[in-house]
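So for the sequence shown, our numbering puts the first residue at -4; every next one is plus one. The structure appears right after this line, and notes come after that.
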Amino acid sequence: MTIAVSLGPDLERFVKEQVASGQYSSVEDVVRAALVMMEDAASGDDLSAFGTLESLRARIIEAEADPRDYSSEEADRILADHREKRLGYSAT
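Rendered as structure tokens:
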């Protein structure tokens, strides 16, 4: 299904920045991820890409205490795996 939307300059800039950063491979991927997060919030699941704020804080504390030193490639792989499982798409 194809749907055309007008985002306005601020949201358009934000979406383009997300794609340019490499976090998402296309405008469609950015919109899809946003809609999945909205769907979760509407269902009462209230899970963003990383969970609730409390969950994110706990993960940060856990990561800071982890003695392993992840390379940027390893971090990218972990994030890609997360996106594929959580959002249902692969950026590759």
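A virtual CB, placed ideally from N, CA and C, is assigned to each residue, including glycine. Since we're looking at a predicted model, the values are computed, not measured.
**Request:** Give me the Cα-Cα distance between E57 and E68, rounded to the nearest whole angstrom.
**Result:** About 20 Å.
**Enclosing alpha helix (DSSP H) for D35 [first to last residue]** = 22 to 37
**Message:** Can you check which of these residues, E12, D64, V26, A75, is closest to A(-1) by C-alpha distance?
**Reply:** V26
**Message:** Please state whether the Cβ-Cβ distance between V22 and V14 is less than 8 Å.
**Reply:** With respect to the 8 Å criterion, V22 and V14 are classified as neighbours on the basis of their beta carbons.
**Prompt:** Roughly how far, in whole angstroms, is the beta-carbon of Y19 from the beta-carbon of A29, given that I think they are within contact range, below 8 Å?
**Reply:** With 8 Å as the limit, Y19 and A29 do not qualify as a contact, their Cβ atoms being about 10 Å apart.
**Prompt:** Roughly how many whole angstroms lie between the Cα atoms of D64 and I55?
**Reply:** Rounded to the nearest angstrom, the two C-alpha atoms are 14 Å apart.
**Asked** Does at least one heavy atom of the ligand NAD sit under 7 Å from the Cβ of S21?
**Response** The ligand NAD is absent from the structure shown, which contains no ligand whatsoever.
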